[in-house]
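Here's the structure, in structure tokens; my notes come after.
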Amino acid sequence: MPDSHSGSCFCGAVTVEVTGAPEAMGYCHCASCRSWSAGPVNAFTLWKPENVTVTKGADKLGHYAKTEVSDRKFCTVCGGHVLTNHPGLGLVDVYAATIPTVAFVPGVHVNYAETVLRMKDGLPKLRDFPAAFGGSGETMPE
Numbered sequence: 033m034p035d036s037h038s039g040s041c042f043c044g045a046v047t048v049e050v051t052g053a054p055e056a057m058g059y060c061h062c063a064s065c066r067s068w069s070a071g072p073v074n075a076f077t078l079w080k081p082e083n084v085t086v087t088k089g090a091d092k093l094g095h096y097a098k099t100e101v102s103d104r105k106f107c108t109v110c111g112g113h114v115l116t117n118h119p120g121l122g123l124v125d126v127y128a129a130t131i132p133t134v135a136f137v138p139g140v141h142v143n144y145a146e147t148v149l150r151m152k153d154g155l156p157k158l159r160d161f162p163a164a165f166g167g168s169g170e171t172m173p174e
């Protein structure tokens, strides 16, 4: 059986399980993620959709799609953020804080041109997104 990890929203009404390994982990610095997360940076873990299952409370998941790029899911009971579907990428971002038993090993910073919190950690700092995801793929200095 592949590795699996469970997590939940803030109140526990919605639970989610991820299996296998994430496709990528890192930090997003874009204004949308900062606003949604109410923080200066968002820690993401990206998974193939078939590796993410809502195991409880699917009927309590609300969603908000500001753009076609991200369909953000939250608990309608507590408002806790759970995940974001990225249909164009074929990936699901399960917020790192939602699945606390997954060892968070970031590999990249995306949308670093929009940062409000400089991070000197030696990881690549992409101006926007990787070229494979439709971005420029350009890196920036720390």
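The sequence shown begins at 33 in the numbering used here and counts up one residue at a time. Glycine included, each C-beta is placed from N, C-alpha and C at the ideal position.
Along the length of the segment 45-100, whole alpha helix (DSSP H) runs at least 4 residues long occupy 63-69, reported in chain order. When DSSP states are grouped into helix, strand and coil, residue 130 belongs to the helix group. By the 16-neighbour rule on beta-carbons within 10 angstroms, residue 128 is buried.
Cβ contact annotation for residue 43 (same chain, cutoff 7 angstroms, sequence separation greater than five): 107, 109, 110, 112, in chain order. Judged by DSSP secondary structure, residue 116 falls within the beta strand (DSSP E) whose first and last residues are 113-118. Taking a contact to require three or more Cβ pairs closer than 8 angstroms, the segment 68-87 and the segment 161-174 do not qualify as touching. Excluding the 5 residues flanking it on each side, residue 139 has same chain C-beta neighbours closer than 7 angstroms at 56, 57, 58, 155, in chain order. Going by DSSP, residue 107 is part of the beta strand (DSSP E) stretching over 102-107. For residue 137, there is no enclosing beta strand (DSSP E), since its DSSP letter is neither H nor E.
The beta-carbon distance between residue 142 and residue 160, rounded to whole angstroms, is 7 angstroms. This is short enough to meet the 8 angstroms contact definition.
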